[in-house]
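Numbering (full-length UniProt numbering) for the sequence shown: 1 to 210. Positions of the beta carbon are idealized from the N, C-alpha and C atoms, including for glycine. These figures come from a predicted structure and were not determined experimentally. Down below is the structure, laid out as C-alpha cells.
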Amino acid sequence: MVRTHGWRGDPPRDDAEARERVIGAAMRCIDRYGSRTRLADVAKELGVTRQTVYFYFAGTEELLVATAQHAVGGFLDRLADHVAPLREDAEILAEGMCYTFDRLQHDPYLGILLATGHAGTLTQAITSPTAMTFGRAILTRFDIDWAARGYTDTDLDELVELMLRLLQSFVIDPGHPPRAPAEFRAYLRRWFDRFLFDARRPSAANGPMP
1 MVRTHGWRGD
11 PPRDDAEARE
21 RVIGAAMRCI
31 DRYGSRTRLA
41 DVAKELGVTR
51 QTVYFYFAGT
61 EELLVATAQH
71 AVGGFLDRLA
81 DHVAPLREDA
91 EILAEGMCYT
101 FDRLQHDPYL
111 GILLATGHAG
121 TLTQAITSPT
131 AMTFGRAILT
141 RFDIDWAARG
151 YTDTDLDELV
161 ELMLRLLQSF
171 VIDPGHPPRA
181 PAEFRAYLRR
191 WFDRFLFDAR
201 RPSAANGPMP
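In C-alpha cells form, the structure reads like this:
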C-alpha cells in the first residue's frame with residue numbers, strides 16, 4: 001500500500017513510483033553529500049517522514065546500494081566503449097581496472113556499489129554479493145572469450161574476487177609514491193599477462209591451473 005502522507009502534496013500513484021521517487025531523492029542527496037548521505041536526508045528531500053522511506057527500504061545501506069545500482073549502468077557502457085579498441089586480453093583487463101580505479105575517485109555511486117564510499121565497508125564488503133555481481137558484470141562486458149581461455153564459472157567468480165581485492169588494496173594504499181597512470185597500467189598488464197592468461201593459453205589449456 002502506497003504511503004500518501006507528505007510528498008509535498010503530490011503523493012505517488014503506486015509503490016513503484018514511490019520507490020522511483022525515493023531513489024531519485026537519494027541520488028540528489030548523494031550528489032550533495034556523497035557517502036555521508038543519511039536516510040533522514042532523503043526523507044527531508046522528499047518531504048516525507050523517515051518511516052515512509054523505511055517502508056520502501058530497510059535502511060540507509062539498502063537504499064544507497066539500490067540507488068548506486070540504478071545509476072551505474074552508464075558506467076558499464078562507458079567502460080566497454082573505453083576498452084573496445086584493445087585486443088590483448090591482459091591489456092583489456094589492466095585498462096579496465098585502471099579506468100575503474102580512476103572513476104572511483106569521481107563517481108560516488110560506483111564507490112558505494114563497490115563498498116569503497118560508504119561507512120561500513122571497504123574492508124567488510126568488497127566481496128559482498130552486490131560487489132561480486134557488479135564485478136562479474138564488468139568482466140563479461142570485456143571482449144574476452146573466457147570459455148575459450150578455459151575459464152569456468154567458478155574460475156570467473158574467483159577472478160572477480162581477486163580483482164575486487166586488488167582494487168581494494170590500491171584504494172587503501174596506492175603506493176609510496178603512487179604510480180603514474182602509465183606505470184600503473186603497465187604494472188597491471190605485465191602481471192595479468194603472466195599469471196592470469198599464460199596458464200590458459202592453448203599449450204596449457206588441458207593442464208590444471210597453477
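Would you decide whether Gln168 is buried or exposed? Buried here means 16 or more other CB atoms lie within 10 Å of its CB.
buried
Classify Gly150 as helix, strand or coil using the three-state DSSP reduction.
coil
7 Å is my cut-off, CB to CB: does Cys29 come that close to chain C?
No chain C is present in this structure, which holds just one protein chain.
Can you check which of these residues, Ala90, Arg50, Thr60, is closest to Arg36 by C-alpha distance?
Thr60
In whole angstroms, what separates the C-alpha of Pro12 from that of Ala71?
21 Å
Would you check if there are 3 or more beta carbon pairs closer than 8 Å linking the segment 72–82 to the segment 126–146?
yes
Under 8 Å, with one C-beta from each stretch per pair, do the segment 173–181 and the segment 149–158 reach the 3-pair mark?
no
Glu91 and Arg189 - do their beta-carbons sit closer together than 7 Å?
yes
For Leu64 versus Ile112, is the C-beta spacing smaller than 7 Å?
yes
Cβ distance (whole Å) where Gly6 is taken to contact Val48 below 8 Å
4 Å
According to DSSP, simplified to helix, strand and coil, what is Gly6?
coil
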